[in-house]
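Every position in the sequence shown, counted from 1, becomes a number in the numbering used here once 96 is added. Some notes on the structure that comes next.
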Amino acid sequence: MPVSTLQLKGLFIEGRAGVLVDDVDLQLRRGEVCALVGHSGSGKSLSCLGLLDVLPPGLRRTRGQLLHDGKPLAADQVRGQLASLILQNPRSAFNPVRNMASHAQETLKLRGVVGSAARTRMDECLEAVGLDDRSRVLQSFAFQLSGGMLQRMMIALALMAESPFLLADEPTSDLDAVSQARFLDLLMKLVQQHKLGVLLVTHDMGVVARCADHVAVMEAGRVVERQTVHGLFDQPASATARTLLEAHQLLNGSQP
Numbered sequence: 097m098p099v100s101t102l103q104l105k106g107l108f109i110e111g112r113a114g115v116l117v118d119d120v121d122l123q124l125r126r127g128e129v130c131a132l133v134g135h136s137g138s139g140k141s142l143s144c145l146g147l148l149d150v151l152p153p154g155l156r157r158t159r160g161q162l163l164h165d166g167k168p169l170a171a172d173q174v175r176g177q178l179a180s181l182i183l184q185n186p187r188s189a190f191n192p193v194r195n196m197a198s199h200a201q202e203t204l205k206l207r208g209v210v211g212s213a214a215r216t217r218m219d220e221c222l223e224a225v226g227l228d229d230r231s232r233v234l235q236s237f238a239f240q241l242s243g244g245m246l247q248r249m250m251i252a253l254a255l256m257a258e259s260p261f262l263l264a265d266e267p268t269s270d271l272d273a274v275s276q277a278r279f280l281d282l283l284m285k286l287v288q289q290h291k292l293g294v295l296l297v298t299h300d301m302g303v304v305a306r307c308a309d310h311v312a313v314m315e316a317g318r319v320v321e322r323q324t325v326h327g328l329f330d331q332p333a334s335a336t337a338r339t340l341l342e343a344h345q346l347l348n349g350s351q352p
């Protein structure tokens with residue numbers, strides 16, 4: 097049976113400075129992690145946001161086609177349904193005057209799940225992401241939870257939405273080492289158990305080595321290299337990939 101895919105073809109994003117993302121193609125496959133790497137300002141986060149057409153003010157997606165298993169779809173048909181987004185700063189993703197239960201109820205209502213069935217599903221999804229004190233978490237507001245807990249809550253909401261694809265924009269950059277390791281363990285567990293297809297935007301090659309199946313390398317708004325993770329680490333073809341790997345080697349004091 098063919099593996100379900102989500103493809104982005106020919107993405108262009110423009111701002112006052114001109115073209116910022118230039119003809120980017122990406123493909124996600126269920127059960128696999130595609131890492132999108134590059135230096136700061138390379139366009140990787142914009143490409144992630146542009147896929148769902150949730151760009152910051154002043155930027156616009158001028159071209160780009162989404163295909164689910166070869167069928168063209170608009171971004172609003174994909175956003176929150178086929179694909180959920182995890183942001184670098186999870187606190188900004190939550191309404192500060194609404195608790196976690198309110199966010200969960202809204203997500204489940206869109207799926208037609210309400211009442212006792214909604215509470216059961218909330219408990220199941222929070223348990224799946226390792227949020228054990230479920231009653232306290234659901235009654236908490238964003239400012240009352242740690243960054244790591246909010247990242248887990250965002251994944252729980254994605255599970256409630258039953259999204260087969262997950263877009264994660266620098267999800268570990270604001271976490272300490274312990275929280276980062278826990279988050280990555282959780283992510284890989286859910287990829288295996290729920291066959292999530294993940295786009296993982298990062299500049300951390302240690303995260304890439306641990307999680308990715310395939311890697312796309314961005315430079316100046318364009319994808320300049322595509323490889324399997326093993327191919328990239330063994331024989332990087334682009335200057336950007338070599339620089340990122342050299343930095344990883346220096347930070348870790350060993351060969352990548």
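C-beta: ideal position from N, C-alpha, C; glycine also. Treat the numbers as computed from the prediction; the structure is a model and nothing was measured.
- Using a 10 angstroms sphere on the CB of Ala170, the tally of other CB atoms stays under 16, which defines it as exposed.
- In this structure, the beta-carbon distance from Gln123 to Leu102 falls below 9 Å.
- Distance between Leu145 and Leu346, taken at the CA atoms: about 31 Å.
- Sequence-distant Cβ neighbours of Gln184 in its own chain, meaning closer than 8 Å and more than five residues away, are Ser141, Asp265, Glu266, Pro267, Ser269, Asp270.
- Between the region 331-346 and the region 158-173 there are fewer than three inter-stretch CB-CB distances shorter than 8 Å, so the stretches are not counted as touching.
- Between Ser143 and Arg125, the C-beta spacing is not below 9 Å.
- Exposed is the label assigned to Arg232, since fewer than 16 other Cβ atoms lie within 10 Å of its Cβ.
- Looking at the DSSP output, Phe108 shares a beta bridge with Asp118, Arg159.
- In terms of Cα proximity to Leu263, the closest of Arg157, Met196, Met250 is Met250.
- Here the alpha carbons of Asp119 and Ala197 stand approximately 40 Å from one another.
- In the three-state reduction of the DSSP assignment, Phe261 falls in the strand class.
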